[in-house]
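Q: Quick note: the sequence shown uses the numbering used here, first residue 346, plus one each step.
Let me begin by handing over the structure; questions about it come next.
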Amino acid sequence: MKSPLVHVASIGSQTEIARNPHLLSTKSSKHLRPRFFSLETCQLPTAMNAIATAAVLPLPFSFSKSSKLDAKKLNHYFFSISLSFISRQDLLTIMLLHEKVVEVLNPLARDYKSIDTMKKELAELQEELAQAHRQVHISELGVSTALDKLAYMEELVNDKLLLDRSTTEVSQTSSSPCTSFKSVDIKKRRLPRKSLDVSGPVQSYHPHLKNFWYPIAFSTELKDDTMIPIECFEEPWVIFRRKDGKPGCVQDTCAHRARPLHLGSVNEGRIQCAYHGWEYTTDGKCEKMPSTRLLNVKIKSLPCCEKEGMIWIWPGNDPPTATLPSLLPPSGFEVHAETVMELPVEHGLLLDNLLDVAHAPFIHTSTFAKGWSVPSLVKFLTPASDLQGYWDPYPIDMEFRLPCMVLSTIGISKPGKLEGQNTSQCDTHLHQLHVCLPSSKHKTRLLYRMSLDFAPVLKHIPFMQHLWKHFAEQVLNEDLRLVVGQQERMNKGANVWNFPVAYDKLGVRYRLWRDALERGAKQLPFSK
């Protein structure tokens, strides 16, 4: 028969042994309350006493109703147990004293204890760090979910704006007040979910679009004795520097016989016509008329200034604003290339193209997007009332700056494998500025500036500027063959914004802003 269970309880130096309740009397079982010791809560000698007691061998006889115990045998048995217990106690005492002596005399024992303590503390710290990482991950998921919800809500707002605009146009063209409600209701059902009417032929520019500061040239282009002819809003202009070096802009037409002034020369800060030598100052006043009496003649001029390496003009009739926007690259970047190109497309179509990144893996397969995979979903994430944000999954930040500038920062740590990163996770970046000056209905003057936050030595390599210009022209030529074809369809009546989708968000906002501006809206959308 199996031995009865033995419960060991330690209280100081006292040890209680409680056997199975049905084998003991009711009275004695009431007073025995088994307790279990813990190495963490009791002293070491007490713990070892309990362990020694618990190691007692099973009784050599069984308790049962049929057993008749001999009193002598039982007393002898318990006496032997007592002797064994006392001897064990003495042995344990000696062992404990020995361990204490070793601990005092041997510093390595203390060191081992310290290492164990340090290991325990390190394990606790690692657990806390893992918990913190889990919490950060949960927070990131929450932020991502919030951004997705914000983008979805913003898309709904855009849809509402487009639908309201279409509804207003329909109501204005209704012929009878009594049928206007039905007409609007029918149009609401028949219109696509999204629509923008940007169809041709290309119209002349609205005067409201002229009331802004426009960059027209880089400062490095305009030397003291040179001129730069430009076309802006279908009018010819020429810029040059006066004697003190400040720039000026006048109409590129001589008042005498309408000859182009840029075919002449700069003489002591005045522009001289090549036909009869008439000379004009930067404010348009004619100060010299060789071979005849000086008349009071003046040609048209524009407000002109220079800021941060660029020449600016104000072509509108409203008084110019006192401040100019800053187009400098972010801190830590150095300008590596500046170039100017004349492109045969309307500036709005070019802006539409620059504000779109989703086309890159289809069009730019020979240049910067070579090797890019086609994502399952492309999104532009931005606040609901802003014209800047970032592309997902591409590491590209982008902003449309009124009235015609696009600024972008591209993470280029892993060219060709850009998915799953953002610009803050990339070590090196390329910053771009595109200025789309509206020259005419079918032509744009493009100012392009490229900056890097790495490899400053490239600035000092001969002909590097020409290499960057060649690369920029190569990228633009990939776009132009499609944008020119788009413009041809537009001039034949096609709507180039017939059905925008999610990744067209920034382009749609530009079009909504421009449409509100040209309609003379008092409150322009997305304007700060």
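Note that the Cβ used here is the ideal one computed from N, Cα and C, for glycine as well.
Note that the structure is a prediction, hence the values are computed from the model and not measured.
Could you pull out every residue in the same chain whose Cβ sits closer than 8 angstroms to the Cβ of tryptophan 858, ignoring the five residues on either side in sequence?
A: Here the set comprises Leu732, Leu747, Leu869, Pro870, Phe871, Ser872.
Q: DSSP on phenylalanine 879, reduced to helix/strand/coil?
A: In the structure as shown, the chain starts at 346 and stops at 873, and residue 879 therefore has no counterpart that could be examined.
Q: Between the Cα of glycine 852 and those of Ser676, Phe725, Gly830, spot the shortest distance and give me the residue it belongs to.
A: If we check each option's Cα against that of glycine 852, Phe725 comes out closest.
Q: So, are the CB atoms of proline 675 and histidine 776 less than 8 angstroms apart?
A: Cβ distance < 8 angstroms, so proline 675 and histidine 776 count as in contact.
Q: Here's the rule: buried if 16 or more other CB atoms are within 10 angstroms of the residue's CB, otherwise exposed. What is methionine 835?
A: Buried, by the Cβ-count rule.
Q: Thinking just about the alpha-carbon of each residue, which of Glu579, Ser564, Cys577, Glu576 is nearest to the one in lysine 591?
A: Ranking Glu579, Ser564, Cys577, Glu576 by Cα distance to lysine 591 puts Ser564 first.
Q: Could you pull the start and end residues of the alpha helix (DSSP H) that tryptophan 858 belongs to?
A: Unbroken alpha helix (DSSP H) run through tryptophan 858: 850–863.
Q: Could you give the first and the last residue of the continuous beta strand (DSSP E) run that contains methionine 795?
A: Element bounds for methionine 795: 788–797.
Q: Determine the DSSP secondary structure at threonine 754, reduced to helix, strand or coil.
A: Reduced to three states, the DSSP call for threonine 754 is strand.
Q: What span of residues does the alpha helix (DSSP H) with arginine 834 cover, start to end?
A: Unbroken alpha helix (DSSP H) run through arginine 834: 809–836.
Q: Going by C-alpha to C-alpha distance, which of Leu700, Val690, Val719 sits closest to proline 738?
A: The shortest C-alpha separation from proline 738 is found at Val719.
Q: Excluding the 5 residues flanking leucine 791 on each side, which residues of the same chain have their C-beta closer than 8 angstroms to its C-beta?
A: Closer than 8 angstroms at the Cβ level, and outside the excluded window around leucine 791, lie Val685, Met686, Glu687, Leu688, Leu695, His779, Val780, Cys781, Leu782, Leu821.
Q: Start and end of the beta strand (DSSP E) containing asparagine 698?
A: Premise fails: asparagine 698 lies in the alpha helix (DSSP H), 692–699, not in any beta strand (DSSP E).
Q: Check the C-beta distance from arginine 638 over to tyrosine 620 and give it rounded, since I have them as a contact under 8 angstroms.
A: Going by Cβ atoms, the distance from arginine 638 to tyrosine 620 rounds to 18 angstroms, so no, they are not a contact pair.
Q: Measuring straight from C-alpha to C-alpha, what distance separates glutamine 819 and histidine 787?
A: For glutamine 819 and histidine 787, the distance between alpha carbons rounds to 21 angstroms.
Q: Provide the residue span of the beta strand (DSSP E) that contains alanine 847, from first to last.
A: Unbroken run through alanine 847: none, as it is neither H nor E.
Q: Let's test the definition: count the other Cβ atoms within 10 Å of the Cβ of histidine 774 and tell me whether it reaches 16, buried, or not, exposed.
A: With 16 or more other Cβ atoms within 10 Å, it is buried.
Q: With DSSP collapsed to three states, give me the class of aspartate 461.
A: Correct three-state label for aspartate 461: helix.
Q: For cysteine 577, list the residues DSSP reports as bridge partners.
A: Bridge partners of cysteine 577: Glu580.
Q: Leaving aside the five residues before and after threonine 929 along the sequence, list all residues of the same chain whose C-beta is less than 8 angstroms from its C-beta, in chain order.
A: With the chain running from 346 to 873 in the structure shown, residue 929 is simply not present.
Q: Might you give, ordered along the chain, the residues of its own chain that have their beta carbon closer than 8 angstroms to the beta carbon of glutamate 863, omitting 5 neighbours on each side?
A: His551, His553, Leu554.
Q: List the DSSP bridge partners of leucine 567.
A: Paired residue(s): none; leucine 567 is not in a bridge.
Q: Using a 10 Å radius around the Cβ and a threshold of 16 neighbouring Cβ atoms, would you call alanine 400 buried or exposed?
A: With a pLDDT of only 40 at alanine 400, under the threshold of 50, the placement of this residue in the model should not be trusted, and no figure is reported.
Q: Taking the straight line between their C-alpha atoms, what separation do you get for phenylalanine 844 and tryptophan 623?
A: Approximately 55 angstroms, taken between the alpha carbons.
Q: Tell me which residues share the same chain as leucine 797 and place their Cβ nearer than 8 angstroms to its Cβ, disregarding the 5 neighbours each side in the sequence.
A: Cβ neighbours of leucine 797 beyond the five flanking positions: Phe678, Glu679, His681, Thr773, His774, Leu775, His776, Leu803.
Q: Can you say whether isoleucine 584 is buried or exposed, counting buried as having 16 or more other CB atoms within 10 angstroms of its CB?
A: The residue in question, isoleucine 584, is buried, as its Cβ has 16 or more Cβ neighbours within 10 Å.
Q: Can you tell me whether alanine 839 is helix, strand or coil according to DSSP?
A: Here alanine 839 sits in coil by DSSP.
Q: Which same chain residues, not among the five before or five after leucine 567, have their C-beta less than 8 angstroms away from its C-beta?
A: Excluding residues within five positions, the ones whose Cβ falls inside 8 angstroms are Ile573, Ile584, Phe585, Arg586, Pro592, Ile656.
Q: What do you reckon, are the CB atoms on tyrosine 559 and isoleucine 658 nearer than 8 angstroms?
A: In contact: tyrosine 559 and isoleucine 658 (Cβ atoms closer than 8 angstroms).
Q: Return the residue from the list Ser784, Leu827, Pro664 that minimises the CA-CA distance to leucine 699.
A: Looking at the Cα atoms, Leu827 is the closest of the given residues.
Q: Determine, using beta carbons only, whether lysine 588 and glutamate 613 come nearer to each other than 8 angstroms.
A: Yes, the Cβ-Cβ distance between lysine 588 and glutamate 613 is below 8 angstroms.
Q: Between which two residues does the alpha helix (DSSP H) carrying alanine 705 extend?
A: 705–708 is the span of the alpha helix (DSSP H), which, as asked, contains alanine 705.
Q: When we look at the beta-carbon of threonine 571 and count the other beta-carbons within 10 Å, is it buried (16 or more) or exposed?
A: Its Cβ having fewer than 16 others within 10 Å, threonine 571 is exposed.
Q: Can you have a look at valine 846 and say buried or exposed, based on whether 16 or more other CB atoms are within 10 angstroms of its CB?
A: Valine 846 is exposed by the Cβ-count criterion.
Q: Smallest Cα separation from threonine 712: which of Gln596, Tyr793, Trp813?
A: Checked all of Gln596, Tyr793, Trp813; the closest Cα to threonine 712 is Trp813.
Q: Let me know the secondary structure DSSP gives lysine 591 once reduced to three states.
A: Coil, per DSSP.
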